[in-house]
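Everything in the sequence shown is counted per our numbering, starting at 49 for the first residue and increasing by one.
The beta carbon of each residue, even a glycine, is placed where N, CA and C say it ideally should be.
Small disclaimer: the values here were computed from a predicted structure and weren't measured.
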Amino acid sequence: MLLDFDKLGGLKTFLVALVVLVCFFLILPIVFIAALSFGSSQWLIFPPPSWTFKWYQDLFADPRWLYSALTSLKIAAMVTVLSVVIGFLAALGLDRGRFAGRDFLRALFLTPMILPVVVLAVALYALFLKLGLAGTTIAFVIAHLLIALPFSIISIGNALAGFDRSIEDAAILCGANPWEARLRVTVPAIRHGIFGAAVFSFLASWDEVVLAIFMASPTLQTLPVKIWTTLRQDLTPVIAAASTLLIAFTILLMIVAALFRKGRKA
């Protein structure tokens with residue numbers, strides 16, 4: 049190998065220390081939030097004077113928080129399904145298609161990843177106001193789908209690029225029609241890419257706050273929006289409890305995705 053990590057000497061120690069510091073810097077805010085959610089003080093004080101589960105009890109006893117969490121879950125689930133289906137069709141067309149403007153279309157699909165979210169949010173808000181969709185579930189799903197779709201196209205597109213198409217052609221030669229071969233041969237073969245697309249699409253919707261703020265209404269709010277609006281009104285530790293659960297669920301999904309990839313490699 050051109051670079052052997054075990055033979056770096058003093059540089060090896062420096063790199064390890066640098067990685068530890070970066071990880072510590074990234075994890076520390078999460079640890080603080082989790083600790084504040086168990087603090088007995090009614091204000092966000094660190095270190096907490098003592099420990100309690102009171103704020104979690106208040107969180108689960110408040111129907112407004114539960115409704116916001118269920119709203120986030122429902123919207124994220126719909127976005128995930130639509131993102132995977134549309135992303136698969138788009139990735140298939142971009143991978144198999146030979147037409148003018150294919151590279152431009154690919155770049156267009158990925159535009160939401162580089163466009164500032166607030167710009168996209170303002171544009172969508174103005175559009176939905178004219179269409180009478182502001183503050184509706186449809187508006188949430190469309191807005192979140194725009195930022196989730198690029199993840200699906202990239203993940204599924206990479207899986208298709210590494211797929212041996214001759215296997216699909218063999219299925220067609222054995223009597224399957226093209227779409228039957230794609231659904232029964234190609235889809236199972238690229239399931240790792242589809243699973244990755246589903247996870248990242250779900251998280252893109254589940255954690256999104258900027259678009260959700262513009263799409264929200266007094267009667268329809270996702271969990272991140274509920275956290276944001278409550279934070280502006282009162283610094284109650286219930287916010288820390290809700291944030292901790294939001295982070296924990298995100299981490300759980302990432303662990304599941306990592307185990308899936310590990311199982312696939314094994």
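Membership of Trp91 in any alpha helix (DSSP H) is not indicated, and neither H nor E is assigned to it by DSSP. Within the stretch 208 to 253, there are no complete beta strand (DSSP E) runs of at least 3 residues.
Membership of Phe262 in the alpha helix (DSSP H) is indicated by the continuous run 258 to 263. Met126 and Thr234 have their C-alpha atoms some 23 Å from each other. The shortest CA-to-CA distance from Glu256 to any of Gly244, Leu268, Ala264, Pro272 is the one to Pro272. The count of Cβ pairs closer than 8 Å, one atom from the stretch 128 to 141 and one from the stretch 280 to 292, stays below three, leaving the stretches out of contact. Rounded to the nearest angstrom, the gap between the Cα atoms of Asp106 and Leu84 is 14 Å.
Ser120 and Leu193 do not touch by the CB rule: their CB atoms are close to 15 Å apart, not below 8 Å.
For Thr100, the closest C-alpha among the options Arg112, Phe86, Gln90, Trp91 is that of Phe86. Leu158 carries a coil assignment under DSSP once its states are collapsed to helix, strand and coil. Distances from the alpha-carbon of Thr128 to those of Leu300, Thr278, Asp282, Phe250 put Phe250 closest. Residue nearest to Pro95 within the set Lys102, Lys60, Ala82 is Ala82 (criterion: CA-CA distance). Bounds of the alpha helix (DSSP H) holding Asp106 are 102 to 109. The C-alpha of Cys222 is placed about 40 Å away from the C-alpha of Ala252. Positions of the alpha helix (DSSP H) runs, each at least 4 residues long and wholly inside the stretch 139 to 197, are given as 150 to 157, 159 to 162, 165 to 179 in order along the chain. Annotated three-state conformation of Leu114 is helix, per DSSP.
Assignment of Leu130 by DSSP, reduced to helix, strand and coil, places it in the helix class. Residue pairing by DSSP places Trp99 opposite Gly87 in a beta bridge. Restricting attention to Val304, Trp227, Phe188, the CA atom closest to the CA of Lys122 is found in Phe188. Within the DSSP bridge table, the entry for Leu268 names Ser265 as partners. Only buried fits Glu216, as 16 or more other CB atoms lie within 10 angstroms of its CB. If you compare the alpha carbons of Leu268, Trp103, Leu59, Leu69 with that of Pro285, the shortest gap goes to Trp103. Under a 10 Å Cβ-count criterion, Trp254 is classified as buried, with 16 or more other Cβ atoms of the shown protein chains found around its own Cβ.
In this structure, Ala191 places its C-beta atom within 8 Å of the C-beta atom of Met263. DSSP places Thr284 outside both helix and strand once states are collapsed to three, so it counts as coil. With 16 or more other Cβ atoms from the protein chains shown falling within 10 Å of its own Cβ, Ser200 counts as buried. Its Cα nearest to that of Ile75, the residue Ala296 stands out among Ala296, Leu181, Leu279. Between Ala169 and the set Cys71, Trp276, Leu259, the nearest pair of CA atoms involves Leu259. The C-alpha of Pro236 is placed about 11 Å away from the C-alpha of Phe243.
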